[in-house]
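J.: Please read through the structure below; I'll follow up with questions.
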Amino acid sequence: MLDGITFTLDGKEVTAGPGETIWQVANRQGTEIPHLCYSPKPGYRPDGNCRACMVEVEGERVLAASCVRTPSPGMKVHSASERAKTSRKLVFELLVADQPERETSQDPNSSFWNWADRVEVADSRFPELGRPNKVDDFSHPAMAVQLDACIHCNLCVRACREVQVNDVIGMAGRGHLEQIVFDFNDPMGDSTCVACGECVQACPTGALMPATLIDAEGTYTNAPDREVNSVCPYCGVGCQLTYQIHDDKIVAVEGRDGPANQNRLCVKGRFGFDYAHHPDRLTVPLIRKEGVSKHDVDIDPMNPFTHFREATWEEALAVASGGLAKIRDERGGNALAGFGSAKGSNEEAYLFQKLVRTGFGTNNVDHCTRLCHASSVSALIEGVGSGAVSAPFMAAEDAEVIVVIGANPTENHPVAATFFKNAAERGAKLIVMDPRGVALSRHATHMLQFKPGRDVSMLNAMLHTIIEEGLYDKQYVQANTEDFEKLAENVKNYPPEEMEKICGIPAETLREVARLYARAESSIIFWGMGVSQHIHGTDNSRCLIALSLVTGQIGRPGTGLHPLRGQNNVQGASDAGLIPMFYPDYKSVEDPEVQAFYEKYWNTKLDPKRGLTVVEIMDAIHAGKITGCYIEGENPAMSDPDVNHAREALAMLDHLVVQDIFLTETAKYADVVLPASAWPEKDGTVINTNRQVQMGRAAVPLPGKARQDLWIIQDMARGLGLDWNYGHVSEVFTEMVGAMPSLANISWERVDREESVTYPVDSPNEPGHDIVFGNGFPTKTGRGKFVPAKLINPAETPDLDYPLVLTTGRQLEHWHTGSMTRRSNVLDAVEPEAVAYMSPHDLTRAGIKTGEYMLVSSRRGTIRLKARIDDRMPVGLVFIPFAYAEAAANMLTNPQLDPFGKIPEFKYCAIKIERDLAPAEAAE
Ligand code: SF4
Ligand code: SF4
Ligand code: FES
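Per full-length UniProt numbering, the sequence shown starts with residue 1, numbered consecutively.
Here is the structure:
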């Protein structure tokens with residue numbers, strides 16, 4: 001090994017790599033050395049405080065802590081000498097003296113007790129020291145704190161401060177009075193803890209435990225009886241996890257060492273698992289009762305039988321597919337539409353779009369990508385020839401400058417955010433650009449809180465600076481791009497000194513960040529829906545692409561373009577063709593060659609015209625052009641803009657089939673409801689934001705008569721006359737690979753074996769390419785294309801009647817339309833009700849106090865919810881999460897579309913607020 005250090009371990013010559021400790025070398029060699037305060041997991045620094053890992057070094061008077069000691073050439077180390085073993089045993093004896101009784105303790109199977117067994121220590125000769133500050137803290141709904149088992153190893157502090165960088169846990173006191181504290185010695189439930197659970201996962205003793213595993217007395221009672229490896233069902237980060245199961249119920253979740261998460265999880269992935277076991281789960285097929293109006297949707301999801309009757313699967317499938325077939329046969333396939341899901345597997349997405357295209361005979365198929373990154377994808381395909389990211393978010397580790405714009409990753413992509421925070425801690429320049437003062441700004445070197453909707457002015461000013469000051473990479477531009485002149489000509493009109501008045505960021509700051517970004521060895525851009533959800537979302541992304549291309553900050557380590565994808569499988573669902581204008585792999589439905597390929601591949605005639613998008617489908621229903629819909633795992637009655645319009649459309653349909661796990665707001669309008677599978681109940685692959693294809697596995701059984709989504713889709717297809725006979729989910733994956741060059745060299749077996757495979761990948765035995773575009777672009781010319789962007793005002797600006805701006809999004813605890821997270825005990829306990837985040841100034845001006853109810857109205861509707869003061873919010877801007885059915889933010893949002901991506905302007909519309917004068921009791 002290059003730069004290796006050769007030394008002797010237990011009589012054998014071994015070599016340590018750069019920086020490797022004795023413990024790490026021993027571990028690599030298969031030599032077991034106890035450890036308590038050291039975690040070999042990535043991101044954990046050794047601290048050397050417990051002395052459980054002592055080894056003997058020849059010629060040295062004292063023993064050495066192998067977890068922190070690095071070897072020197074020729075050193076002779078004995079890991080199992082009598083002296084070393086006696087010393088380690090003594091450490092355990094001293095610690096055992098103060099431990100609670102093992103049988104009734106919080107975790108008799110803890111790492112601590114396991115090591116104690118291995119060093120053969122069961123009890124202690126030493127007297128119990130007694131702890132004056134013995135604390136049981138059950139104030140947090142997710143985690144139990146019982147510090148009588150704490151050994152002060154400090155791992156939780158490092159987990160909190162150095163791995164997840166949340167800075168909540170600290171050590172207070174001295175000597176035997178030392179103890180861990182949350183913030184200023186607050187109860188954990190009252191502290192600023194974000195419940196990532198990293199400390200619980202790190203704790204070797206059970207002093208910190210998932211609350212689900214212990215009883216009210218704090219004793220370990222709910223031991224898992226089996227484990228299943230899978231992937232998180234929530235965001236596009238794609239954290240790998242292990243479900244811990246007791247009696248066929250998930251009781252806890254642990255993070256695994258996946259490429260995107262390195263054992264880390266956030267509160268949703270770790271504690272938001274119990275939705276799958278919620279009593280609201282749909283367990284039988286339902287058919288709307290005769291005579292029950294579609295406008296009557298006042299239904300308790302726990303008791304759907306007021307409006308629906310139970311049906312057999314045979315009847316439900318016959319009615320569901322029969323109703324759609326009738327419309328197809330009478331009015332043609334274009335009178336039908338399908339919404340697939342970004343929360344299911346690739347295989348489900350592929351089969352769903354195939355069903356719509358070959359069974360309905362239309363391209364009217366879409367999913368929530370339309371509502372999150374459609375504009376980013378459209379700009380990326382146009383600019384660099386591919387809609388996927390050019391580098392994984394882990395590339396932040398190698399970046400000198402990190403730009404995060406229009407994204408709130410600490411809440412929406414929390415594990416990705418930990419890597420951004422890690423990078424900032426090691427000295428990377430973190431430039432955060434967002435109208436809201438998002439939490440990541442605490443770690444930023446530069447926070448540009450620009451005016452909402454004015455992204456293009458800010459980004460064009462940066463491009464202006466880079467070109468005017470000659471900071472662009474001339475060689476790169478010449479060799480790899482086209483239409484530079486058009487860009488240069490356009491951005492001449494946007495000097496920072498002028499744009500300052502529009503975007504609100506001082507010209508000097510605009511110039512400074514432009515210089516930083518351009519001059520750095522490596523700069524990378526991450527963006528979220530703050531960029532994409534505008535009528536100029538495509539233009540926003542075009543500017544980001546231009547920044548990257550003009551400076552050559554792409555295709556190398558630490559550089560690139562990364563739109564942070566929202567749902568767990570939005571990348572995969574888009575790749576699989578759940579899009580009205582594209583077959584799988586973004587092949588145009590209007591390209592005759594592509595169409596010919598698919599007609600042969602699927603053995604049927606196909607519609608040569610692009611289909612309608614999510615919002616266009618709702619308009620087409622209002623226009624009477626579409627009368628039947630099949631909706632699988634989507635909730636447009638909550639997620640569409642101007643949701644009243646969408647709900648009216650759903651009620652107008654002649655035939656609506658909804659396949660879901662709960663009676664969602666959308667399912668309430670259905671003629672037939674098909675009870676389906678939650679993520680932990682199914683096998684299937686997903687693709688995360690990093691282009692990593694990962695394996696999800698069935699961990700628990702389906703409830704009642706619910707069935708796997710994949711087989712429901714297949715039965716629906718058969719009902720529509722298709723001769724489908726897939727026997728295993730892997731057969732669908734294999735068919736996908738046959739049509740999708742992007743998945744070349746990736747088989748079901750490979751994903752199952754390797755857990756995660758990044759595409760593109762050159763051979764079945766090599767790892768995939770994390771970083772792409774090092775060698776040109778997959779465009780027709782092989783060059784990246786500059787597309788200039790001009791300033792466009794948001795579609796609906798504030799006026800005297802509606803003087804404030806509304807922006808919508810997600811919270812850390814609640815995911816998308818809330819159908820899963822609001823049915824998770826922990827998540828709902830932490831964030832139980834709808835709130836609007838506002839600046840102190842706006843609240844004072846409206847005479848509303850934080851916690852009081854208020855009415856928020858736009859030209860499209862009114863909702864009622866509580867005010868929450870947030871001093872990071874700028875004056876004039878209100879943020880409302882869209883997860884709450886009782887105060888659906890999308891009642892207010894504007895359905896105006898970006899002309900290219902067809903994405904609505906969720907991030908900007910005009911609203912007004914009023915104090916709610918209704919009596920307080922009425923509110924409860
Ligand atoms: S609570 Fe657990 S991780 Fe934290 S110091 Fe105590 S034993 Fe170590
Ligand atoms: S960061 Fe995303 S994928 Fe990871 S645990 Fe949280 S919600 Fe799940
Ligand atoms: S594990 Fe090495 S000192 Fe604690």
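Built from N, CA and C at the ideal position, the CB exists for glycine as well. Values in this document were obtained by computation on a predicted structure and should not be read as measured data.
Tell whether a beta-carbon distance below 8 Å holds between Cys156 and Leu213.
T.: Numbered from 1 along the sequence shown, position 156 holds the residue referred to as residue 156. Numbered from 1 along the sequence shown, position 213 holds the residue referred to as residue 213. No, the Cβ-Cβ distance between Cys156 and Leu213 is not below 8 Å.
J.: Which class does Cys543 belong to by DSSP, given the choice of helix, strand or coil?
T.: Here the question's residue 543 lines up with position 543 in the sequence shown. Here Cys543 sits in helix by DSSP.
J.: Tell me the start and end of each unbroken alpha helix (DSSP H) in the stretch 160-244 that is at least 4 residues and wholly inside, in chain order.
T.: 198-202
J.: Quick one: residues with CB closer than 6 Å to any heavy atom of ligand 3, in chain order, please.
T.: His35, Leu36, Cys37, Tyr38, Gly48, Asn49, Cys50, Arg51, Ala52, Cys53, Ala65 and Cys67
J.: Using the C-alpha atoms, what's the distance from Gly17 back to Leu2?
T.: The residue you call residue 2 lines up with position 2 of the sequence shown. The residue you call residue 17 lines up with position 17 of the sequence shown. Because the pLDDT of Leu2 is 49, which lies under 50, any placement of that residue in the model is unreliable, and the number read from its coordinates should be weighed accordingly. Going by the C-alpha atoms only, they are around 8 Å apart.
J.: Rank Thr418, Gln106, Ala216 and Ala320 by C-alpha distance to the C-alpha of Val673 and give the top, closest one.
T.: In the sequence shown, residue 673 corresponds to position 673, counting from 1. Nearest in C-alpha terms to Val673, of all of Thr418, Gln106, Ala216 and Ala320, is Ala320.
J.: To which residues of the same chain is Gly684 closer than 6 Å at the C-beta, ignoring the five residues directly before and after it?
T.: On the sequence shown, position 684 is the one that residue 684 refers to. Cβ within range, chain order: Ser345, Glu347, Gly696 and Val729.
J.: Tell me the rounded alpha-carbon separation between residue 925 and Ala416.
T.: Since the first residue of the chain shown is 1 and the last is 924, residue 925 is not available in this structure.
J.: Near Phe273, what residues of its chain come up, given a Cβ to Cβ distance below 6 Å and the 5 sequence neighbours on each side ignored?
T.: Position 273 of the sequence shown, counted from the start, is the residue given in the question as residue 273. Only Ile250 and Val253 meet the Cβ criterion.
J.: Just grab the DSSP bridge partners of Met854 for me.
T.: Taking the first residue of the sequence shown as position 1, residue 854 is located at position 854. The partner list for Met854 (beta bridge, DSSP) reads Leu865 and Arg915.
J.: Look at the Cβ atom of Ile913, then the Cβ atom of Leu877, and state whether they are nearer than 8 Å.
T.: Against the sequence shown, residue 913 aligns to sequence position 913. Against the sequence shown, residue 877 aligns to sequence position 877. For Ile913 and Leu877, no; Cβs fall outside 8 Å.
J.: Does any heavy atom of ligand 1 sit closer than 7 Å to the C-beta of Asn154?
T.: The residue labelled residue 154 in the question sits at position 154 within the sequence shown. Asn154 Cβ: within cutoff of ligand 1.
J.: Do Ala576 and Ile716 come within 8 Å of each other at the CB atom, strictly closer than that value?
T.: Here the question's residue 716 lines up with position 716 in the sequence shown. Here the question's residue 576 lines up with position 576 in the sequence shown. Residue identity differs from the one stated: residue 716 is Met in this sequence, not Ile. It is not a contact, given that the beta carbons lie outside the stated cut-off.
J.: Between His814 and ligand 2, is there a pair consisting of the residue's CB and a ligand heavy atom that are separated by less than 7 Å?
T.: Looking up residue 814 in the sequence shown gives position 814. His814: no, Cβ never under 7 Å from ligand 2.
J.: Across which residues does DSSP place Gln659 in a beta bridge pair?
T.: In the sequence shown, counting from the first residue as 1, residue 659 sits at position 659. DSSP lists Glu632 and Leu674 as partners of Gln659.
J.: Among Gly704, Val456 and Ala637, which has the Cα closest to the Cα of Met891?
T.: Locating residue 891 in the sequence shown gives position 891, where the first residue counts as 1. Minimum Cα distance to Met891 is reached at Ala637.
J.: Ligand 2 heavy atoms versus the CB of Lys268: any closer than 7 Å?
T.: Along the sequence shown, read from residue 1 onward, the residue named residue 268 stands at position 268. Yes, Cβ of Lys268 sits closer than 7 Å to a heavy atom of ligand 2.
J.: Ser375 lies in the alpha helix (DSSP H); which residues open and close that run?
T.: Start at 1 with the first residue of the sequence shown, and residue 375 comes out as number 375. Unbroken alpha helix (DSSP H) run through Ser375: Ala374 to Val384.
J.: Secondary structure at Cys368, three-state DSSP: helix, strand or coil?
T.: Numbered from its first residue, the sequence shown carries residue 368 at position 368. Note: Cys368 maps to coil in three-state DSSP.
J.: Tell me whether the beta-carbon of Val25 lies closer than 8 Å to the beta-carbon of Val55.
T.: Taking the first residue of the sequence shown as position 1, residue 25 is located at position 25. Taking the first residue of the sequence shown as position 1, residue 55 is located at position 55. Their beta carbons are not under 8 Å apart, which means Val25 does not touch Val55 by this criterion.
J.: So, is Gln201 buried or exposed, given that buried needs 16 or more other C-beta atoms within 10 angstroms?
T.: Residue mapping note: residue 201 aligns to position 201 of the sequence shown, counting from 1. Buried, because 16 or more other Cβ atoms sit within 10 Å of the Cβ of Gln201.
J.: CB of Asn27 to nearest heavy atom of ligand 2: below 7 Å?
T.: Walking along the sequence shown from the start, residue 27 turns up at place 27. Answer for Asn27: no, Cβ out of range of ligand 2.
J.: Does the distance from the CB of Val456 to the CB of Asp539 come in under 8 Å?
T.: On the sequence shown, position 456 is the one that residue 456 refers to. On the sequence shown, position 539 is the one that residue 539 refers to. Between Val456 and Asp539, the C-beta spacing is below 8 Å.
J.: Could you compute how far the alpha carbon of Ile911 sits from the alpha carbon of Ala918?
T.: The residue you call residue 911 lines up with position 911 of the sequence shown. The residue you call residue 918 lines up with position 918 of the sequence shown. In a straight line, the C-alpha of Ile911 is about 20 Å away from that of Ala918.
J.: In terms of alpha-carbon separation, which member of Glu82, Glu103 and Asp117 lies closest to Phe92?
T.: Along the sequence shown, one-based indexing puts residue 92 at 92. Distances from the alpha-carbon of Phe92 to those of Glu82, Glu103 and Asp117 put Asp117 closest.
J.: Can you check whether the CB of Ala546 is closer than 8 Å to the CB of Pro495?
T.: Walking along the sequence shown from the start, residue 495 turns up at place 495. Walking along the sequence shown from the start, residue 546 turns up at place 546. Cβ atoms of Pro495 and Ala546: not closer than 8 Å.
J.: Between Tyr220 and the rest of its own chain, which residues show a CB-CB distance below 8 Å, the 5 nearest in sequence each way excluded?
T.: One-based indexing of the sequence shown puts residue 220 at position 220. Answer for Tyr220: Ser105, Gln106, Asp107, Pro108, Asn109, Gly206, Met209, Leu213 and Ile214, listed in chain order.
J.: Residues in its own chain within less than 8 Å of Asp916 by CB, not counting five upstream and five downstream?
T.: For the purposes of this step, residue 916 is taken as residue 916 along the sequence shown, with counting starting at 1. For Asp916, where only same-chain residues beyond five positions count, the Cβ hits under 8 Å are Glu852, Tyr853, Met854, Leu855, Arg864 and Ala923.
J.: Which residues in the same chain as Thr781 place their Cβ atom closer than 8 Å to its Cβ, once the five residues preceding and following it in sequence are excluded?
T.: Translated into the one-based positions of the sequence shown, residue 781 becomes position 781. Once the five neighbours on either side are set aside, the close Cβ partners of Thr781 are Glu482.
J.: State the start and end residues of the unbroken alpha helix (DSSP H) segment that holds Gly719.
T.: Reading the sequence shown from its first residue, position 719 is the one you call residue 719. Here the alpha helix (DSSP H) through Gly719 covers Asp709 to Gly719.
J.: Within 10 Å of its beta-carbon, does His841 have 16 or more other beta-carbons around it, so buried, or fewer, so exposed?
T.: To locate residue 841, count along the sequence shown from 1; it is residue 841. Looking at its Cβ environment, which holds fewer than 16 other Cβ atoms inside 10 Å, His841 is exposed.
J.: Less than 8 Å between the C-beta atoms of residue 925 and Lys294, yes or no?
T.: No answer is possible for residue 925: the residues shown for the chain start at 1 and end at 924.
J.: Since Lys682 contacts Val284 with CB under 8 Å, what's their CB separation in whole angstroms?
T.: Locating residue 682 in the sequence shown gives position 682, where the first residue counts as 1. Locating residue 284 in the sequence shown gives position 284, where the first residue counts as 1. Incorrect: roughly 19 Å between the Cβ atoms, too far for contact.
J.: Ala480 to Gly784, Cα distance in whole Å?
T.: Taking the sequence shown and counting its residues from 1, one reaches residue 480 at position 480. Taking the sequence shown and counting its residues from 1, one reaches residue 784 at position 784. The residue you asked about is not Ala; residue 480 is Asn in the sequence shown. Asn480 and Gly784 have their C-alpha atoms some 6 Å from each other.
J.: So, at 8 Å on beta carbons, what are the nonlocal neighbours of Glu599 in its own chain, with the 5 sequence-adjacent residues on each side left out?
T.: As a working note, residue 599 is residue 599 in the sequence shown. For Glu599, where only same-chain residues beyond five positions count, the Cβ hits under 8 Å are Lys605 and Leu606.
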